[in-house]
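Below: the structure, in structure tokens.
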Amino acid sequence: ATTELVESLVARGDFLLLDVRDGPEYEGVPAGDPYGAARSGHIPGALWWPWRQRLFDLAGGASGPPRIRTCDEIQASLPATAATGEVVAYCTGGIRSGFAYLALRGCGVARPRNYDGS
Numbered sequence: 001a002t003t004e005l006v007e008s009l010v011a012r013g014d015f016l017l018l019d020v021r022d023g024p025e026y027e028g029v030p031a032g033d034p035y036g037a038a039r040s041g042h043i044p045g046a047l048w049w050p051w052r053q054r055l056f057d058l059a060g061g062a063s064g065p066p067r068i069r070t071c072d073e074i075q076a077s078l079p080a081t082a083a084t085g086e087v088v089a090y091c092t093g094g095i096r097s098g099f100a101y102l103a104l105r106g107c108g109v110a111r112p113r114n115y116d117g118s
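This is the structure:
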């Protein structure tokens, strides 16, 4: 998604904006963003959706890589509006939100987007 598209969606107000970053990045910290973003904190109206916790079962306890969550689990972690509307994931540079985008697309979310302009 481009900045222009996100601005038009914000003006219409009919989309879901997912901030997939870690908690301190979403909340904003006085010391600034650890990844060098110009501002700390989230875009107003964004839902905090930490990608690692939403896409992987981190509490598995077994050795090796964590289990990837099922599509049912991933979809259950989203508001109902995600099933039919625009869903825009963002982070700082588009990498973490790119993972989220691919998972959402693969799990059948109707119109996922990666805000690479974030």
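Going by the working numbering, 111 is the number at position 111 of the sequence shown; the sequence numbering is gapless. A virtual CB, placed ideally from N, CA and C, is assigned to each residue, including glycine.
Going straight from the alpha carbon of residue 48 to that of residue 57, what length do you get?
18 Å
Candidates 100, 108 and 90, of which the one nearest residue 116 by Cα:
90
Output the residue ranges of the alpha helix (DSSP H) runs that lie fully inside the stretch 30 to 91 and measure 4 residues or longer, sorted by chain position.
51 to 55 and 71 to 76
Look at the Cβ atom of residue 37, then the Cβ atom of residue 92, and state whether they are nearer than 9 Å.
yes
Let me check one thing: in DSSP terms, what residues is residue 17 bridge-paired to?
88
With contact counted as at least three CB pairs below 8 Å, one residue from each stretch, are the stretch 68 to 77 and the stretch 96 to 115 in contact?
yes
Checking 9 Å against the spacing of the C-beta atoms, do residue 19 and residue 43 come in under that value?
yes
I'd like to confirm the pairing. Which residues does DSSP put opposite residue 112 in its beta bridges?
87
What are the boundary residues of the alpha helix (DSSP H) that includes residue 8?
3 to 12
Drop a sphere of 10 angstroms on the beta-carbon of residue 86, count the other beta-carbons inside from all chains shown, and report buried for 16 or more, exposed for fewer.
buried
Give me, in chain order, the residues of the same chain whose beta-carbon lies closer than 8 Å to that of residue 34; leave out the 5 immediate sequence neighbours on both sides.
24 and 25
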